[in-house]
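Trainee:
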Amino acid sequence: MIESVINPLNTDWTTWVITAFCALVAGMSKSGLKGFAMINIPLLANLYGGMASVGILLPFLIFGDIFALVYYRRSAEWKYIKILFPWALAGVLIATFFGRYINDEQFRISIGIAIIICLALIVYKDIYGGKQVLSDKKWFSSSLGLSGGFATMIGNAAGPIFNLYLMSMRLPKNVFIGTGAIFYLILNLLKFPIQMFYWDSISLKSLQLNFVLLPVLLTGAFIGKRIVKYIPEKAYRYFVIGVISVSAIMLFF
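Note that the sequence shown covers residues 124 to 376 in our numbering.
What follows is the structure in structure tokens.
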């Protein structure tokens with residue numbers, strides 16, 4: 124009886140423990156350690172398959188977004204969300220109808236290349252300076268928004284793309300986290316009914332597992348929030364750039 128409650132998908136316990144670890148990582152990522160959750164994508168896909176893994180991960184991300192929003196909502200900047208959201212929404216709509224027919228490997232590689240190129244531009248500007256801000260360029264915001272919306276719908280893999288956009292503005296740490304929290308929450312809530320009723324990647328049993336592991340996710344969120352407090356602004360920027368780089372490389376594999 125207890126087993127059917129805490130393990131509704133009837134997986135082996137190794138799979139259950141790894142899923143719990145992914146919940147912990149999602150909480151840590153959403154509370155400030157940006158990019159950590161990227162490791163959840165290949166882990167869950169290997170355990171449950173591509174489509175099912177997307178449905179298992181999405182509620183974890185929503186829980187984490189809500190936690191981050193509670194703590195960082197006063198630091199959020201809506202003007203950045205307004206710039207990126209229309210393009211991201213377009214990407215989500217495209218992925219909703221055409222996502223099943225696109226070669227996943229080719230998509231991952233193209234996104235990885237795009238992230239590395241944009242990241243190189245940001246690092247170049249950090250080193251050599253310059254008054255021009257990349258985020259002011261329409262091609263920069265539109266391309267990242269569109270590809271990010273597509274990536275978040277296909278595989279919850281938009282973290283590096285949206286983090287890259289916010290990072291290009293050199294936002295303070297708390298503004299970076301708070302703005303991202305609102306933006307991700309809006310997109311993830313829009314994705315939820317699509318994945319549950321159109322893609323059938325979310326079931327009542329998978330949702331039950333999400334709620335069972337909610338305490339684990341909240342533990343990760345508190346851990347992440349504590350760690351972020353002790354990371355200086357400059358070091359935090361380098362940390363996020365490093366995680367984005369690793370995440371982009373992971374997309375190739």
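The C-beta atom is built at its ideal place from N, Cα and C for all residues, glycine as well.
Check residue 194 in the structure and name its three-state DSSP category.
Mentor: Looking up residue 194 in the sequence shown gives position 71. Residue state, collapsed to three classes: helix.
Trainee: Could you compute how far the alpha carbon of residue 137 sits from the alpha carbon of residue 205?
Mentor: Here the question's residue 137 lines up with position 14 in the sequence shown. Here the question's residue 205 lines up with position 82 in the sequence shown. When rounded, the distance between both Cα atoms is 42 Å.
Trainee: Per DSSP, what kind of secondary structure is residue 156 in: helix, strand or coil?
Mentor: Reading the sequence shown from its first residue, position 33 is the one you call residue 156. Residue state, collapsed to three classes: coil.
Trainee: For residue 273, does the three-state DSSP call read helix, strand or coil?
Mentor: Start at 1 with the first residue of the sequence shown, and residue 273 comes out as number 150. In the structure shown, residue 273 sits in a helix (DSSP, three-state: H, G or I).
Trainee: CB residue 264 to CB residue 201, shorter than 9 Å?
Mentor: What you label residue 264 is simply residue 141 of the sequence shown in a count that begins at 1. What you label residue 201 is simply residue 78 of the sequence shown in a count that begins at 1. No. Outside cutoff.
Trainee: Looking at C-beta atoms only, is the number of pairs between the region 317-333 and the region 190-201 that lie closer than 8 Å three or more?
Mentor: no
Trainee: Assuming residue 215 contacts residue 303 (C-beta within less than 8 Å), just tell me the rounded distance between them.
Mentor: Working through the sequence shown from its first residue, we reach residue 215 at position 92. Working through the sequence shown from its first residue, we reach residue 303 at position 180. In fact, because the Cβ distance is near 17 Å, the residues do not count as touching under 8 Å.
Trainee: Grab me the residues of residue 185's own chain with a C-beta within less than 8 Å of its C-beta, minus the 5 sequence neighbours each way, in chain order.
Mentor: The residue you call residue 185 lines up with position 62 of the sequence shown. Closer than 8 Å at Cβ, skipping near neighbours: 308, 311, 312, 315.
Trainee: Helix, strand or coil for residue 294, going by three-state DSSP, please let me know.
Mentor: Sequence index remark: in the sequence shown, residue 294 carries index 171 (1-based). Note: residue 294 maps to coil in three-state DSSP.
Trainee: With H, G and I counted as helix, E and B as strand and the rest as coil, what does DSSP make of residue 323?
Mentor: Along the sequence shown, one-based indexing puts residue 323 at 200. In the three-state scheme derived from DSSP, where H, G and I count as helix and E and B as strand, residue 323 is classed as coil.
Trainee: Residue ranges of each alpha helix (DSSP H) run of no fewer than 4 residues wholly in the region 306-374, ordered along the chain?
Mentor: 327-335, 337-352, 356-374
Trainee: Since residue 187 contacts residue 213 with CB under 8 Å, what's their CB separation in whole angstroms?
Mentor: Indexing the sequence shown from 1 puts residue 187 at position 64. Indexing the sequence shown from 1 puts residue 213 at position 90. Their Cβ separation, rounded to whole angstroms, is 25 Å, which puts residue 187 and residue 213 out of contact at 8 Å.
Trainee: For the alpha helix (DSSP H) that contains residue 164, what are its first and last residues?
Mentor: Counting from 1 along the sequence shown, the entry for residue 164 is found at position 41. That run of the alpha helix (DSSP H) goes 163-171.
Trainee: Can you tell me which of the three DSSP states residue 133 falls into?
Mentor: If you number the sequence shown from 1, residue 133 lands on position 10. DSSP, read as helix, strand or coil, puts residue 133 in coil.
Trainee: DSSP three-state call for residue 199: helix, strand or coil?
Mentor: Sequence index remark: in the sequence shown, residue 199 carries index 76 (1-based). Residue state, collapsed to three classes: coil.
Trainee: With 16 as the cutoff for other CB atoms within 10 Å, does residue 349 come out buried or exposed?
Mentor: Position 226 of the sequence shown, counted from the first residue, corresponds to residue 349. Exposed.
Trainee: Kindly indicate which residue of 357, 169, 153, 125 has the alpha-carbon position closest to the one of residue 189.
Mentor: Position 66 of the sequence shown, counted from the first residue, corresponds to residue 189. It is 153.
Trainee: What's the C-alpha gap between residue 341 and residue 147?
Mentor: In the sequence shown, the residue the question calls residue 341 occupies position 218. In the sequence shown, the residue the question calls residue 147 occupies position 24. Answer to the nearest angstrom: the Cα atoms are 7 Å apart.
Trainee: Of the choices 192, 151, 142, whose alpha-carbon is the least far from that of residue 168?
Mentor: One-based indexing of the sequence shown puts residue 168 at position 45. The shortest C-alpha separation from residue 168 is found at 142.
Trainee: Expressed to the nearest angstrom, what Euclidean distance is found between the alpha-carbon atoms of residue 366 and residue 134?
Mentor: Position 243 of the sequence shown, counted from the start, is the residue given in the question as residue 366. Position 11 of the sequence shown, counted from the start, is the residue given in the question as residue 134. When rounded, the separation of the alpha-carbon atoms in residue 366 and residue 134 is 31 Å.
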